[in-house]
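Mapping the sequence shown onto the UniProt record's numbering, position 5 (from 1) lands on 5, and the numbers just tick up by one.
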Amino acid sequence: MARIAGVNIPTNKRVEIALTYIHGIGNTKAKEITAKLGIEPQRRVQDLTDQEVLQIRESIDAGYTVEGDLRRQVAMNIKRLMDLASYRGLRHRKGLPVRGQRTHTNARTRKGKAKPIAGKKK
1 MARIAGVNIP TNKRVEIALT YIHGIGNTKA KEITAKLGIE PQRRVQDLTD QEVLQIRESI
61 DAGYTVEGDL RRQVAMNIKR LMDLASYRGL RHRKGLPVRG QRTHTNARTR KGKAKPIAGK
121 KK
């Protein structure tokens, strides 16, 4: 099993699919990496040589923010918004949708499980 950017990528999958197991690399970046290094995307990870795995590892380390660094960067950006007390920061702090979605109904994913409210007594 090849280990790239601290992630064990599956050996039985195609290279371009296996690279998407790394946080921060999606389909487009995976295709870009394989094209830049001249590796056919249809090849399986188990068929790669150690040299090719090393090339992929170096390419990702040099050109992309992935895994822990990316997670840390996103968390710091959200923390910065909250410290500034901007509208987006306040929405993050309250656990509400940040991008203008309605909250009268829906938004259950962001708000969490519905809290029961006592009905009107007769």
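A virtual CB, placed ideally from N, CA and C, is assigned to each residue, including glycine.
Own chain residues within Cβ distance below 7 Å of residue i, not counting five before or after
| i | result |
| --- | --- |
| Gly-24 | Tyr-64, Thr-65, Val-66, Glu-67, Leu-70 |
| Leu-81 | Arg-88, Gly-89, His-92 |
Candidates the options: closest to residue i by CA position
| i | options | result |
| --- | --- | --- |
| Leu-54 | Ala-2, Ile-22, Leu-81, Gly-26 | Ala-2 |
CB contact flag (residue i, residue j, <8 Å)
| i | j | result |
| --- | --- | --- |
| Gly-89 | Lys-111 | no |
| Thr-34 | Pro-41 | yes |
| Lys-31 | Glu-52 | no |
| Ile-56 | Leu-37 | yes |
| Arg-43 | Arg-14 | yes |
Under the three-state DSSP convention, the category residue i falls into
| i | result |
| --- | --- |
| Ala-2 | strand |
| Arg-14 | strand |
| Arg-43 | coil |
6 Å CB neighbourhood of residue i in its chain, flanking five on each side removed
| i | result |
| --- | --- |
| Gln-46 | Thr-11 |
Close Cβ partners of residue i (< 8 Å) along its chain, the five nearest in sequence each way excluded
| i | result |
| --- | --- |
| residue 143 | Absent from the structure is residue 143, since the part of the chain shown begins at 1 and ends at 122. |
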